[in-house]
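Colleague: Numbered according to our numbering, the sequence shown spans residues 1 to 302. Glycine is no exception: its CB is placed at the ideal position from the N, C-alpha and C atoms.
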Amino acid sequence: MPSLSTTSGSGTGNKLPAFPRTTAPTTRRLNNSKIRYENELVIRQTVEADINGLRNLMDDLTLVRSSLESELESLKDELMSLKRNHEEEMRQLQSQTGGDVSVEVNAAPGVDLTKTLNDLRCEYEQIIEKNRKEVEQWYEVKIEEVNRQVTSSSQDIQTSSHQLTELRREMQNLEIELQAQLSTKSSLENSVSETESRYSCLLQQIQGQICAVEEELASIRCEMESQNQEYKMLLGIKSRLEQEIQQYRSLLQEGQQDLVASQGAFQGGGKSSQSYSSSYTHSQCGEMSGKSTFSKGVILKG
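#1: Could you compute how far the alpha carbon of D100 sits from the alpha carbon of Q94?
#2: For M90, which residues from the same chain have a beta carbon less than 7 Å from its beta carbon, with the 5 sequence-adjacent residues on both sides left out?
#3: Among residues of its own chain, excluding the 5 on either side of V47, which ones have a beta-carbon nearer than 6 Å to its beta-carbon?
#4: What is the rounded straight-line gap between the Cα of Y248 and the Cα of E225?
#5: If we count the other Cβ atoms within 10 Å of its Cβ and call it buried at 16 or more, is V103 buried or exposed?
#6: What's the call for S262, buried or exposed, on a 16-neighbour Cβ count within 10 Å?
#7: Closer than 8 Å by C-beta to K185: which residues in its own chain qualify, once you throw out the five before and the five after it? Chain order, please.
#8: Indicate whether at least one CB of chain D lies closer than 8 Å to the CB of V213.
#9: Find the nearest neighbour of V146 within the set E73, L68, E177 and T114, judged by alpha-carbon distance.
#10: Do Q181 and S33 have their C-beta atoms within less than 8 Å of each other?
#11: Taking the CB atoms as reference points, tell me whether L61 and Q149 lie closer together than 8 Å.
#12: Pull up the distance between the alpha-carbon of E78 and that of S70, whole angstroms please.
#13: How many Å lie between E175 and R36 at the Cα?
#14: Apart from the five residues on each side of it in sequence, which residues of its chain come closer than 7 Å, Cβ to Cβ, to A107?
#15: Quick one: residues in its chain with C-beta nearer than 8 Å to the C-beta of L57, no 5 flanking neighbours on either side, listed in chain order?
#16: Three or more C-beta pairs closer than 8 Å, one from the segment 38-52 and one from the segment 127-146: is that the case here?
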């Protein structure tokens with residue numbers, strides 16, 4: 001590494017490293033080299049992945065081709081079996097109709113079985129020929145598609161191989177440059193360690209402040225939880241008191257209705273009903289006053 005020779009007041013020469021003057025451009029070159037190396041490495045990995053994918057695709061196409069060929073063979077076998085079955089049925093029909101039978105009947109002429117069988121045979125042969133042509137056309141189309149895919153895959157593999165060769169050559173050049181930059185990196189790491197030692201004290205102070213703030217937040221959180229519990233307790237007491245007040249109101253309304261009914265009975269029923277209604281009214285009023293006093297006591301306690 002380059003160095004500067006400085007002379008103190010007493011004439012003693014101290015050799016100081018020239019890092020402050022060359023750190024910035026060296027760092028930029030190192031970062032640029034790292035970025036180029038990483039980009040080329042990503043491109044290489046991508047090309048290798050594409051090559052592997054194309055190889056897998058070629059294997060899949062080979063399997064598809066073999067499966068299509070086996071399917072074509074099975075269709076040919078099925079066609080031959082259909083032909084044999086048709087010939088067997090034709091022989092059976094001919095053997096059934098081949099006997100000599102002379103019967104004289106006064107009826108209309110019957111259907112010509114030979115013509116009917118020939119028509120059926122022609123129809124079956126046309127169907128079989130049509131199916132055979134369709135299968136052959138389908139097979140030819142599939143074979144052409146597979147051949148096109150194989151050709152395209154081969155071209156892609158050749159192109160990818162050429163690109164991979166170029167990338168390997170460039171990667172070797174980058175590795176040489178990287179080795180040159182690593183020596184510079186080691187000197188820069190020394191200055192980084194000095195910077196870390198300077199900022200470690202500041203980091204400790206900040207961590208202490210963070211701990212204090214976290215403790216304060218924990219205390220505030222505990223206080224909020226206690227206030228929330230107290231609020232929930234007061235809310236429950238309030239709801240219970242409202243329910244009791246509603247019950248007392250309903251009881252008061254029932255007592256007033258009973259009082260009105262007893263007054264009506266008193267006006268129409270004479271002294272006996274009057275004495276009964278009075279005693280009933282006094283008892284209801286006593287019960288209502290007792291409940292009212294109890295509700296007031298509960299409210300005051302709440």
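Modeller: Quick look at the numbers:
#1: Position 100 of the sequence shown, counted from the start, is the residue given in the question as residue 100. Position 94 of the sequence shown, counted from the start, is the residue given in the question as residue 94. Confidence is the limiting factor: at D100 the pLDDT is only 45, short of 50, which leaves the residue's position unreliable and the question unanswerable from this model.
#2: On the sequence shown, residue 90 is found 90 positions in, with the first residue counted as 1. L117 and R121, listed in sequence order.
#3: The residue labelled residue 47 in the question sits at position 47 within the sequence shown. These residues qualify, in order along the chain: S160, Q163 and L164.
#4: On the sequence shown, residue 248 is found 248 positions in, with the first residue counted as 1. On the sequence shown, residue 225 is found 225 positions in, with the first residue counted as 1. Straight-line Cα distance between these residues: approximately 35 Å.
#5: To locate residue 103, count along the sequence shown from 1; it is residue 103. Per-residue confidence for V103 stands at a pLDDT of 44, beneath the threshold of 50, marking its modelled position as unreliable; no derived number is given.
#6: Residue 262 sits at position 262 when you count from the first residue of the sequence shown. Burial call: buried.
#7: Within the sequence shown, residue 185 is the residue found at index 185, counting from 1. So the list reads L30, once near-sequence residues are dropped.
#8: Structure shown: chain D not included; a single protein chain is present.
#9: Residue numbering aside, residue 146 sits at position 146 when the sequence shown is read from its first letter. The shortest Cα separation from V146 among E73, L68, E177 and T114 belongs to L68.
#10: The count along the sequence shown starts at 1 and reaches residue 181 at position 181. The count along the sequence shown starts at 1 and reaches residue 33 at position 33. Yes; because the gap between Cβ atoms is below 8 Å, this pair is in contact.
#11: Position 61 of the sequence shown, counted from the first residue, corresponds to residue 61. Position 149 of the sequence shown, counted from the first residue, corresponds to residue 149. Their beta carbons are under 8 Å apart, which means L61 touches Q149 by this criterion.
#12: Position 78 of the sequence shown, counting from 1, holds the residue named residue 78. Position 70 of the sequence shown, counting from 1, holds the residue named residue 70. Roughly 12 Å between the two C-alpha positions.
#13: Along the sequence shown, read from residue 1 onward, the residue named residue 175 stands at position 175. Along the sequence shown, read from residue 1 onward, the residue named residue 36 stands at position 36. One C-alpha to the other measures close to 11 Å.
#14: In the sequence shown, the residue the question calls residue 107 occupies position 107. Because A107 sits at a pLDDT of 44, beneath the cut-off of 50, its placement in the model cannot be relied upon, and the point is left open.
#15: As a first step, residue 57 is located in the sequence shown; it is residue number 57 there, counting from the start. Same-chain partners within the cutoff: Q149 and S153.
#16: no
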